[in-house]
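Each number in this note's numbering corresponds to the 1-based position in the sequence shown with 140 added.
Using N, Cα and C, we set each Cβ at its ideal position, and we do this for glycine too.
Please read the structure below before turning to the comments.
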Amino acid sequence: MKKLKPFALSLILLSLVSCNPIEYDMFGTIEGKVLDIDDNKAIENVYVTLSPSNKNTMTDPDGKFTFSELDAKQYSVTVQKNGYETNVKTVNVIASETSSVTITMKKKDY
């Protein structure tokens, strides 16, 4: 019985030492919505570009878009669609957080 106690204690200590350290999420997310500046309605199929990452996506029918697993730093979000003026917004991404942005677009005057 006396030999079992040191063995059990050794196993407990070994399991504590071999545990992986806590890993923190090093990435953040940008969620956004694109709206028409005149009527505040969502605009779908807007081409959204993220710089400096050069990632891109399109807005859904609700005017929403998402960029995930981004390094924590400052980005420019550019929105473009035929018939609308291009618009750019700056967004700061913080690790383990979601940054939200609303971008408005104005119809071009022809």
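- In this structure, the alpha-carbon of Pro192 lies about 24 Å from that of Ile183.
- Residue Gln214 holds the alpha-carbon nearest to the alpha-carbon of Ile234 among Phe207, Glu225, Gln214 and Asn185.
- Under a 10 Å Cβ-count criterion, Val228 is classified as exposed, with fewer than 16 other Cβ atoms of the shown protein chains found around its own Cβ.
- Contact between Glu171 and Ser216 is ruled out by a C-beta separation of about 16 Å, above the 8 Å threshold.
- Annotated as proximal: Gly203 and Val174, with beta-carbon spacing under 7 Å.
- Per DSSP, the beta-bridge partners of Ala182 are Leu175.
- Remark: C-beta atoms of Thr199 and Phe205 approach each other more closely than 7 Å.
- Gly223 sits exposed, since fewer than 16 C-beta atoms from the chains shown fall within 10 Å of its C-beta.
- Going by DSSP, Thr199 is part of no beta strand (DSSP E) at all; its letter is neither H nor E.
- Of the candidates Glu237, Asp249, Met245 and Lys247, Glu237 places its Cα closest to the Cα of Asp165.
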